[in-house]
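Residue numbers (the numbering used here), protein chains in the order written: chain A, 60 to 336; chain B, 85 to 396.
Just so it is clear, CB atoms sit at the ideal spot from N, CA and C, and this is done for glycine as well.
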C-alpha cells in the first residue's frame with residue numbers, strides 16, 4: 060500500500076537544498092569523498108522518505124514498515140542526513156560522521172542507526188536483498204513496499220540482473236528500484252565503460268514497469284511511482300536522470316567530485332548557491 | 085544425505101511457518117513433498133546463486149528462516165561475497181546447504197568438486213560450519229542450525245551413504261560424537277568420509293592398533309575439549325576430510341594445535357592435495373588418486389609409529 064498523501068512540494072525542495080548544504084559541509088569537515096554521487100540522489104531520497112514511504116521514526120522496527128535499501132553505499136551520507144532530519148536520531152549525531160568510533164562510518168555498518176536497513180558498500184547487493192524483503196512481505200502477508208536506490212555504475216554488477224530476472228517471475232509488485240543515473244562512475248562516463256544506454260528499455264525487457272524520469276523533479280518521481288500500474292505482477296524501475304554534484308554549479312557533471320573534497324572557499328560558494336548562507 | 089535433507093525440510097516447514105526453501109534450480113522432484121506442504125515457501129531462484137543469497141538475507145531480515153540449497157561449489161565459492169556481506173556481516177539466520185561436498189561429483193570434474201568450501205566458509209566471522217557424517221546427522225544438524233539462529237553452513241554428501249547411527253544421535257553444534265572407542269589412534273572424521281574412517285579403524289584392529297572414531301561434524305567452532313583429550317591421550321590423531329588439505333578441517337586443527345603446549349599425539353591429515361582433477365573417474369577413483377584409502381591411512385600411521393619409536 061503506497062503512501063498517497065499529497066506533499067508540500069515547496070517544503071520538499073527546501074529540504075533537498077538543506078540536505079545538500081549539509082553534505083557539502085560534512086565532506087569538507089571530514090575529508091570523506093563521494094560528494095558528487097551523494098548530491099545526485101538527494102531528490103530521490105526526499106521523494107521516498109517524505110512522500111512515498113510509510114515510515115515512522117517512533118516505529119523504526121515495525122514489521123509492517125516500508126523499507127529503503129541505500130545500495131550505493133559510498134554515498135550513504137545522504138541517507139544519514141535524511142534519516143536525522145526525518146527524526147530517526149538527533150541531528151547532532153551527524154557531527155560524528157566518519158570520525159573514529161562513530162556509528163556513522165563512510166559505509167554504513169549493519170544496524171548502525173535506526174532506519175538504516177542494510178549495510179552496503181559493495182555494489183550489487185541491495186536489489187537481491189530488497190527482493191528478499193519484498194518476497195518476505197508476500198509470504199508474511201504484510202503489505203509493505205521495498206525501495207532500492209542504486210547507482211548507474213552499480214548496474215555493471217551481474218547480481219543486479221539476476222534479481223531483475225527473478226522479481227517479475229515471482230510477480231513481485233511491492234518493489235521499487237530507483238537508478239540514480241548520473242552518467243558517471245568512478246573513473247569515467249558510465250555509458251562508455253559498459254553498454255548502459257537504453258537503461259529503461261533494459262528494465263522493461265526484464266519484465267518491469269520502467270520509466271525515464273527527471274531525477275531532480277521530486278513531483279515527477281513521486282507521481283511516476285504512484286501512477287505505475289498495480290496488479291500486473293510487475294515491479295517498478297525508475298531510471299532517474301540526474302546530474303552528479305547537483306545543486307552546486309561548479310560540481311555539476313564534473314566527475315572530479317567523485318573523490319574531491321571541497322575547501323573552505325568552495326563550501327562558502329556552495330552554501331550561497333544552495334541558499335543556506 | 086540429500087533425501088534426508090529434503091524430508092527433514094518438509095517436516096520443518098510443516099512445523100515452522102518461518103521456514104523458506106530456496107533452490108538454485110536443482111532437486112526438481114526431490115522437493116515435491118515439501119512443495120505440497122509449503123508451496124508458497126519454496127522458491128526456485130534459478131541459476132543465480134549470488135542473488136539467491138541476497139534474497140535469503142532479505143527474507144531473514146524480515147523474520148523468515150531461509151535455507152538456501154544447491155550444489156556445493158555454487159552455493160559457496162560462486163556467491164562468496166554475498167555470504168560474507170549479506171549473511172555474515174549482518175549475522176543473519178540464513179542456512180546454506182551444499183549438496184555434493186568434496187569429491188561426491190568426482191565424475192563431473194573440478195567445476196563440481198568442492199575441496200575449498202570448508203576453508204572459505206570457516207574464515208568468515210559469525211559463520212558455523214557443519215559436515216554431517218550420515219543422514220541422521222543431516223536431520224539433527226538442520227534442526228540445530230534452525231535453533232542456532234545465526235549463519236550456518238551445512239555440507240552434505242550426495243545420496244545413498246551408509247547410515248552410521250542407528251537413530252538420530254544427541255547432536256550439539258561444536259561437540260563431536262564418539263562413534264567407536266579405541267586407545268591408540270584417534271580418528272576425527274568430518275562429513276562423508278565416516279564410512280572410510282570405520283573401515284580403516286577395523287583395519288587398524290587387524291594390525292593390533294586400537295582406533296577411536298569420532299564424527300567431528302562441526303568444523304567451526306572446533307570442539308576444543310575433545311581435541312585436548314585426543315592430543316593428550318592418543319599416539320596419533322588423524323583428521324579425515326574430503327576437502328583440500330589447505331585451509332580445511334585438518335588445517336583448522338593444526339592451527340589450534342600450534343597454540344597449545346607440546347602434545348603427546350602426532351597429527352596425520354588426510355585430505356585432497358593442492359591440485360585440480362583433469363581425468364574422468366568415480367568418487368572412489370578420485371579418492372585413490374589422493375591416497376584417501378584405508379590402506380594408505382594405515383600405512384602412513386605405521387610410518388608415524390616408526391618415526392616415534394626412533395625418536396624415543
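For residue 273 of chain B against residue 240 of chain B, the beta-carbon gap comes to about 15 Å, at or over 8 Å, which does not count as contact. Taking 8 Å as the upper bound for CB-CB distance, residue 161 of chain B and residue 200 of chain B are in contact here, some 6 Å apart.
By the neighbour-count definition (other C-beta atoms within 10 Å, threshold 16), residue 85 of chain B is a buried residue. Per DSSP, residue 184 of chain B lies in no beta strand (DSSP E) segment and is marked neither H nor E.
With 16 or more other Cβ atoms inside 10 Å of its own Cβ, residue 215 of chain B counts as buried. With respect to chain B, the C-beta atom of residue 184 of chain A has a partner C-beta closer than 8 Å. Counting only runs of 4+ residues, the alpha helix (DSSP H) found wholly inside the segment 313 to 389 of chain B occupies 333 to 341, 367 to 373, in chain order. Residues of the segment 141 to 158 of chain B with a C-beta atom less than 7 Å from some C-beta of chain A are 141, 142, 143, 145, 146, 147, 148, listed in chain order.
Neighbourhood of residue 225 of chain A in chain B, by CB distance below 8 Å: 129, 130, 132, 135, 139, in chain order.
Going by C-alpha positions, residue 166 of chain B is about 12 Å away from residue 208 of chain B. Per DSSP, reduced to three states, the secondary structure at residue 284 of chain A is helical. If you draw a straight line from the Cα of residue 87 of chain A to the Cα of residue 325 of chain A, it is about 9 Å long. Within the DSSP bridge table, the entry for residue 243 of chain A names A:248 as partners. Counting only Cβ-Cβ distances below 9 Å, residue 104 of chain B has contacts in chain A at 194, 195, 198, in chain order. Residues of chain B with a Cβ closer than 7 Å to the Cβ of residue 221 of chain A are, in chain order, 132, 134, 135.
Taking 8 Å as the upper bound for CB-CB distance, residue 320 of chain A and residue 134 of chain A are not in contact here, some 15 Å apart. CA-to-CA, the gap between residue 209 of chain A and residue 226 of chain B works out to about 36 Å. Within 8 Å of the CB of residue 188 of chain A, the CB atoms of chain B belong to 138, 139, 141, 142, 145, 170, in sequence order along the chain.
For the segment 101 to 156 of chain A, the continuous alpha helix (DSSP H) assignments of 4+ residues that do not extend past its boundaries occur at 101 to 106, 136 to 145, in sequence order. Rounded to the nearest whole angstrom, the CA to CA distance from residue 194 of chain B to residue 362 of chain B is 7 Å. Around the CB of residue 202 of chain A, fewer than 16 other CB atoms lie within 10 Å, so the residue is classed as exposed. Beta-bridge partners of residue 239 of chain B (DSSP): B:182.
Neighbours of residue 165 of chain B across chain A, judged by C-beta separation under 7 Å: 181. Per the DSSP secondary-structure output, residue 153 of chain B pairs in a beta bridge with B:107, B:181.
For residue 107 of chain B, same chain residues with a beta-carbon under 6 Å away, outside a window of 5 residues either side, are 128, 153 in chain order.
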